[in-house]
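K.L.:
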Amino acid sequence: MSDESILEQLYNAIINGDKGGLERAVGSALKEGITPSEIIEKGMSPAMKEVGDRFARYEIYLPEMMLAAEAWEGAMQILEPKLLESGGERKKLGRVVIGTVKGDIHSIGKNIVGAMLKMNGFEVFDLGVDVAASAFVSKAEEVSADIIAASALMSTTIPQQKSIIEHLEARGARGKYCVLIGGGSTTQEWADNIGADGYGRTAGDAAILALKAVSQK
Ligand code: B12
Numbered sequence: 000m001s002d003e004s005i006l007e008q009l010y011n012a013i014i015n016g017d018k019g020g021l022e023r024a025v026g027s028a029l030k031e032g033i034t035p036s037e038i039i040e041k042g043m044s045p046a047m048k049e050v051g052d053r054f055a056r057y058e059i060y061l062p063e064m065m066l067a068a069e070a071w072e073g074a075m076q077i078l079e080p081k082l083l084e085s086g087g088e089r090k091k092l093g094r095v096v097i098g099t100v101k102g103d104i105h106s107i108g109k110n111i112v113g114a115m116l117k118m119n120g121f122e123v124f125d126l127g128v129d130v131a132a133s134a135f136v137s138k139a140e141e142v143s144a145d146i147i148a149a150s151a152l153m154s155t156t157i158p159q160q161k162s163i164i165e166h167l168e169a170r171g172a173r174g175k176y177c178v179l180i181g182g183g184s185t186t187q188e189w190a191d192n193i194g195a196d197g198y199g200r201t202a203g204d205a206a207i208l209a210l211k212a213v214s215q216k
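Position 17, counted from 1, in the sequence shown is what numbering that gives the first Met the number 0 calls 16; the numbers after and before it change by one each time, with no gaps.
Pasting the structure below:
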């Protein structure tokens with residue numbers, strides 16, 4: 000089977016919320032030598048974007064969006080261990096506290112960023128979703144983190160990223176951590192606006208920014 004038709008199968012399985020179909024397509028893709036990163040970036044992510052666009056156009060509703068997310072999570076159970084394998088054992092480069100901000104339960108992108116950072120040699124402390132700004136800061140202090148990575152997908156929740164920076168400033172700890180932001184609703188402009196140290200559009204960008212941050216320390 001050609002790579003194009005496997006990528007198409009991955010795409011369609013997400014759009015249709017077909018968990019079994021997606022797992023089979025992931026199996027075929029891996030067998031054909033398509034890498035886990037390509038499966039995610041070229042096959043699954045564009046489909047998830049389309050699901051969001053259809054939801055915004057009222058062509059589908061919450062249950063369909065949930066099915067797509069469940070299918071994605073099933074596929075990640077196969078792909079995440081493979082992503083981490085390719086990172087191998089190595090000296091840890093730095094510590095990252097990651098989470099999705101308060102009021103926001105979107106976890107998929109945050110989980111990929113976490114996996115990508117682990118794969119690149121970072122020790123990752125994942126606080127999960129709906130995380131208060133103060134909790135990011137307390138955890139960073141507890142583990143002496145180098146980086147705080149905050150994901151936010153909704154226009155209503157991105158102000159929480161600013162809140163993390165305000166908490167750091169209030170504790171006189173702003174200079175201690177590199178604050179990276181990302182997630183659907185964020186932009187470079189927003190990052191500049193709130194004084195974040197970096198904005199990443201993809202999980203790959205997150206890894207590049209994190210590597211740069213620790214190399215400049
Ligand atoms: C799947 C999904 C859900 C799932 C989430 C399941 C889960 N476990 O995560 C469910 C069905 C639960 C859900 C719920 C809701 N959702 Co929703 N959801 C989506 C959808 C379709 C895909 C998100 C996703 O996973 N994308 C795939 C990943 C890989 O992409 P990503 O998250 O952007 O992450 C990548 C990058 O952004 C980056 N990145 C991410 N985080 C970080 C962090 C850092 C530091 C860096 C550097 C980079 C980085 O790297 C990632 C990998 O490349 C989006 C549409 C969209 N286009 O985003 C809507 C969307 C985000 N949801 C939306 C809404 C409105 C909701 C609900 C309010 C719906 C409702 N009526 O209840 C609830 C929210 C509840 C809450 N309080 O959070 C809206 C938000 C609108 C807005 N702009 O404010 C969107 C945009 C849909 C739309 N077009 O209307 N949702």
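From the three backbone atoms N, C-alpha and C, an ideal C-beta is built for every residue, glycine too.
Do the region 54–72 and the region 91–98 make contact, defined as three or more Cβ pairs closer than 8 Å?
P.N.:
no
K.L.:
From MET115 to TYR57, what does the alpha carbon distance come to, in whole angstroms?
P.N.:
33 Å
K.L.:
On the three-pair Cβ rule with 8 Å, is the region 165–184 touching the region 133–152?
P.N.:
yes
K.L.:
Using DSSP bridges, identify the partner residues of ARG94.
P.N.:
GLU122
K.L.:
Look at the Cβ atom of ALA190, then the Cβ atom of GLY199, and state whether they are nearer than 7 Å.
P.N.:
Contact flag unset, no.
K.L.:
Can you tell me which of GLU49, ASP52, LEU78 and ALA12 puts its alpha carbon nearest to the alpha carbon of GLY32?
P.N.:
LEU78
K.L.:
Do you know offhand how far ILE111's Cα is from ILE207's?
P.N.:
14 Å
K.L.:
Indicate, with yes or no, if ligand 1 has a heavy atom lying under 6 Å from the CB of ILE104.
P.N.:
yes
K.L.:
Do THR34 and ligand 1 come close, with the Cβ less than 6 Å from some heavy atom?
P.N.:
no
K.L.:
If distances are taken between C-alpha atoms only, which option among ALA28, VAL96 and ILE107 comes closest to MET75?
P.N.:
ILE107
K.L.:
Is ILE146 helix, strand or coil when you go by DSSP?
P.N.:
strand
K.L.:
Taking ILE163 as part of the alpha helix (DSSP H), name the residues at either end of that continuous run.
P.N.:
158–169
K.L.:
Could you work out which residue in VAL25, GLY20 and GLY16 is closest to ASP2 when comparing CA atoms only?
P.N.:
Nearest C-alpha to ASP2: VAL25.
K.L.:
Can you find the residues in the same chain that come closer than 7 Å, C-beta to C-beta, to THR155, ignoring five residues on each side of it along the sequence?
P.N.:
GLY102
K.L.:
So is the beta-carbon of MET153 under 6 Å away from any non-hydrogen atom of ligand 1?
P.N.:
Yes, Cβ of MET153 sits closer than 6 Å to a heavy atom of ligand 1.
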